[in-house]
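Under UniProt numbering, the first residue of the sequence shown is numbered 1, with each subsequent residue one higher. Okay, structure first, notes after.
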Amino acid sequence: MLMLNRRSALGAAMVAPGIWATHDAVAQSNVIDITRARTDPIPIAIPDMAGSSVGRDISRVIINNLRNSGLFRPVDRAAYIQTAEAAAATPRFQDWRVIGATFLTTGRVEVAGDRLRVEFRLWDVLPEQQAIGTAYNATAGNWRQIAHIISDDIYKRALGEEGYFNTRVAYIAESGPRDRRVRRLAIMDQDGENNRFLTDGSAQALTPRFHPNAQQIAFMSYANNQPRVFLFNVQSGRQEVLGNFSGMTLSPRFSPDGRSVVMSAVRGGDANIFVVDVGSRRERQLTSGGGLDVSPCFSPDGQQIVFNSDRGGDQQLYVMSAGGGGARRISFGQGRYATPVWSPRGDLIAFTRIGRGGFAIGVMRPDGSGERILSEGWGMEGPTFAPNGRVLMFYRESPARDSRGGGYSARLSSIDIAGFNERPIVTPTDASDPSWSALLS
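Following this line, the structure appears as structure tokens:
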């Protein structure tokens, strides 16, 4: 897995192991309000990068990323007047203005053995100004990550907010009939590419959650028929049990600084919330009493924890201090609430609601106000935020007939927090329990 290490200074800067970037001076382009972009996507022309077939591949990834966000409208290539090769040398702005492009990308790719140099520019068409100028030097195998980095740069320059394309998603890959389901830990790029299975399916895996540095995953495993929380190192593949609990442990999630994991442990008939220091393995109990307290999640500042509990007789959402105590209920809609997750921006909590004969994915403010349902269906659960807090991913279950007339399927979907642009995420198997990484930077 590649990790980015950006520097703000112009000139040579190492962007990632194996990827170097140099930056031109840039003009401040117009920033478009994201609410306007939802109803009127930004028209952008993205010709193939000149010089190599790899440039075509990079441009295709950028087109798909921006189109799938729902905030950009790539201009139909049949309308292009100037060729990509000519535009890479000197854009003829009137040719792009007349076809309605607000932004134009140009670029050139040079390949020498296993080395790659990608020169990229973003142009603000109306004022005829360069908005971004960057060159990347990398190994040829990193071309797709370069495309994601460029997509994030375009998103940020056009909308004034961080993008989310250079990220990964951990999830559970499911296969087999429902009564003999095989569930493996898996990882992929946010667009569904570079899929990789991390466990072999000999032990059931559930609820993966990324470390803030995207190098570790906490998840629940049924190894040796003992359901416990494990830590998985993405680079080495090493797995280790977290904590010294006698019974089941479940629903883990890292703290914002990555130094601890909050999770639930079952003792007797109750489930309570504990925090475990990753380094020392010291455990501290945060809740007590009757009932099931599960699915804890830290606020992005690490000061509070949201969780769901049936302590009041029905499954609802509660917020408490990160040190435990002072729990207050925040969900009061019709139905049961589960799987809460705090937005990276701190402004929203996403949840699953079960009631009214179905499931729903929604968001509310941390005090419980402003509840909005984003999508409803037969079976849906497990929301996770993109690192910019603008997009959610979750999974949908649906009845699916097999040769015996039974079964079901599970698929990932994403949706904007405003409730528009819901779309499926293609995976090689059924998929559930997604967890979105931070930007790889």
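Beta carbons are placed, not taken as given, at the ideal position from N, Cα and C, and that holds for glycine.
Euclidean distance between Cα positions of residue i and residue j
i: Ala25; j: Ile154; result: The pLDDT assigned to Ala25 is 49, lower than 50, so where the model puts this residue is not dependable, and the model offers no usable value.
i: Ser403; j: Gln204; result: Note that Ser403 scores a pLDDT of 43, beneath 50, so its modelled location is shaky; the value from the coordinates is reported in the next line. Cα to Cα, Ser403 sits roughly 25 Å from Gln204.
i: Val426; j: Ser288; result: 41 Å
i: Val111; j: Asp48; result: 15 Å
i: residue 444; j: Trp96; result: The structure shown has nothing for residue 444, since the chain only spans 1 to 441.
i: Glu283; j: Phe245; result: 9 Å
i: Gly100; j: Pro43; result: 7 Å
i: Asp124; j: Gly133; result: 12 Å
i: Gly405; j: Arg178; result: Reliability of the predicted coordinates at Gly405 is poor, the pLDDT of 43 falling under 50, and the value obtained from them is presented with this limitation in mind. Computed Cα separation, rounded: 12 Å.
i: Gly302; j: Gly377; result: 33 Å
i: Val341; j: Ser437; result: 13 Å
Extent of the continuous alpha helix (DSSP H) to which residue i belongs
i: Trp96; result: Phe93 to Arg97
i: Ser59; result: Ser53 to Ser69
i: Leu242; result: Premise fails: Leu242 is in no alpha helix (DSSP H) and is neither H nor E.
i: Arg228; result: It is not in any alpha helix (DSSP H) - Arg228 instead sits in the beta strand (DSSP E) that spans Arg228 to Asn233.
Within-8 Å CB hit, residue i to chain D
i: Leu206; result: Absent here is chain D; the protein component of the structure consists of one chain.
For residue i, the nearest candidate out of the options (CA to CA)
i: Asp152; options: Arg144, Gly141 and Tyr164; result: Tyr164
i: Ser331; options: Gln304, Gly357, Gly370 and Asp293; result: Gly370
i: Arg336; options: Val125, Gly176 and Phe351; result: Phe351
i: Pro434; options: Val169, Glu85 and Arg253; result: Val169
i: Asp277; options: Asp257, Gly290, Ser295 and Trp96; result: Asp257
i: Leu116; options: Val275, Ser53, Arg267 and Asp76; result: Ser53
i: Ile273; options: Ser280, Arg267, Leu286 and Gly279; result: Leu286
i: Leu206; options: Arg184, Gln190, Asn224 and Gly192; result: Arg184
i: Pro208; options: Asp200, Leu231, Ile81 and Ala131; result: Leu231
i: Thr249; options: Gln216, Pro296, Gln235 and Arg238; result: Pro296
i: Pro127; options: Pro91, Ala386, Ala214 and Thr429; result: Pro91
i: Asn64; options: Asn166, Asp191 and Asp76; result: Asp191
Close Cβ partners of residue i (< 8 Å) along its chain, the five nearest in sequence each way excluded
i: Glu161; result: Ile34, Tyr155, Asn388 and Arg390
i: Arg259; result: Asp277, Val278 and Gly279
Cutoff 6 Å; reference residue i; Cβ partners in own chain excluding five residues on either side
i: Arg196; result: Ile187
i: Ala327; result: Tyr318 and Met320
i: Arg67; result: Pro74
i: Thr105; result: Ile46 and Leu122
i: Tyr408; result: Arg178, Glu397, Pro399 and Ala400
7 Å Cβ shell around residue i - same chain, five flanking residues per side excluded
i: Phe420; result: Arg38 and Gly70
i: Glu119; result: Gly107, Arg108 and Ala135
i: Ala418; result: Arg38
DSSP beta-bridge partners of residue i
i: Ala79; result: In DSSP, Ala79 forms no bridge with anything.
i: Glu376; result: Ala360
i: Pro43; result: Arg73
i: Pro424; result: Ser413
i: Thr106; result: Arg121
i: Val306; result: Cys297 and Val319
Endpoints, beta strand (DSSP E) assigned at residue i
i: Glu85; result: Unbroken run through Glu85 is the alpha helix (DSSP H), Ala84 to Ala89; no beta strand (DSSP E).
i: Gln130; result: Gln129 to Thr139
i: Ser432; result: Asp430 to Trp436
i: Ser409; result: Tyr408 to Asp416
i: Ile354; result: Ile349 to Gly355
i: Asp293; result: Asp293 to Phe298
i: Asp367; result: Careful: Asp367 lies outside any beta strand (DSSP E) and carries neither H nor E.
Distance cut-off 7 Å: residue i Cβ against heavy atoms of the ligand FAD
i: Asp293; result: By its list of ligands, the structure shown contains no ligand whatsoever, and the ligand FAD lies outside what it can speak to.
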